[in-house]
Every structure is written in C-alpha cells, then in structure tokens.
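**Q** Be aware that the sequence shown starts at 267, since it is given in the numbering used here, and climbs by one per residue.
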Amino acid sequence: MTSSELQVCLDACLRCLQACEHCASACLSEPDVGMMVACIRLDRDCADACTFTARLLMRGSELHAEACRVCAEACDRCAAECGRHGHEHCQACARACRACADACRALAA
Numbered sequence: 267m268t269s270s271e272l273q274v275c276l277d278a279c280l281r282c283l284q285a286c287e288h289c290a291s292a293c294l295s296e297p298d299v300g301m302m303v304a305c306i307r308l309d310r311d312c313a314d315a316c317t318f319t320a321r322l323l324m325r326g327s328e329l330h331a332e333a334c335r336v337c338a339e340a341c342d343r344c345a346a347e348c349g350r351h352g353h354e355h356c357q358a359c360a361r362a363c364r365a366c367a368d369a370c371r372a373l374a375a
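Right, dumping it as structure tokens:
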C-alpha cells in the first residue's frame with residue numbers, strides 16, 4: 267500500500283461519511299419519512315463503517331484491509347438503497363458510496 271493509495275481511500279471514506287450524514291439528516295426532513303427508514307439506517311451504518319475505516323487508515327493499522335472490505339460492503343448496500351430514491355441528497359450519497367466502495371476494494375486487494 268502506497269501513501270497515495272491510502273490517501274485516495276481515506277479521502278473517499280471521509281467524503282462518503284459526509285454524504286451519508288447529510289443524506290440521513292435530509293431524509294428526516296422528507297414529507298414521508300416512513301418511506302426513508304431503510305435509507306436512514308443504511309446511511310448510519312455506512313457512516314460508521316467509513317469512520318472506523320478512516321481511523322484505521324490514519325494510524326496505519328494492520329487491520330485496514332479487513333475494515334476496507336466491510337466498508338465496501340456497507341457502501342454497496344447504502345448505494346443500492348439510496349439509488350432507489352430520486353432525492354438529490356440520496357443520489358449524491360449513492361455516488362459517494364460507490365466511489366468509496368471502489369477505493370476500499372482497491373486498497374483491500
């Protein structure tokens with residue numbers, strides 16, 4: 267793992283964390299919040315996975331590959347759910363999740 271590869275993944279995790287937090291908050295403001303429950307739950311799971319992964323990457327943990335695999339899975343699930351909704355915050359979150367999943371898989375390989 268080069269420092270450049272690590273930085274790409276770290277940046278993707280932090281962007282995804284921000285997108286997930288924004289999406290969850292915005293979903294809570296939607297008129298039919300009941301339809302957004304799965305999205306909010308997956309946003310929160312993904313944000314936590316991104317936070318954990320970013321922290322391990324920042325300290326150069328030997329567990330980074332395992333964390334990246336879990337993070338990629340959380341991102342895939344969140345992207346799939348967010349992609350089902352037409353709201354811009356959901357679409358932006360889905361894009362950030364897909365980018366993070368790709369970066370995490372590349373680093374875990």
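Yeah, the Cβ is synthetic: ideal placement off N, Cα and C, and Gly gets one too.
This structure is a prediction, so every number in the text was calculated from the model and none was measured.
Between CYS289, SER295, ALA369, MET267, which has its C-alpha nearest CYS344's C-alpha?
**A** When each option's Cα is compared against that of CYS344, the closest is CYS289.
**Q** Run the CB neighbour count on GLU347, radius 10 Å, all protein chains shown included, and call it buried at 16 or more, exposed below.
**A** When all chains shown are included, GLU347 counts as buried.
**Q** If you draw a straight line from the alpha carbon of SER295 to that of GLN284, how long is it in whole angstroms?
**A** Between SER295 and GLN284, the C-alpha separation is close to 17 Å.
**Q** Work out the CA separation of GLY349 and ALA338 for me, nearest whole Å.
**A** Roughly 16 Å between the two C-alpha positions.
**Q** What would DSSP say about THR317, mapped onto helix, strand or coil?
**A** Here THR317 sits in helix by DSSP.
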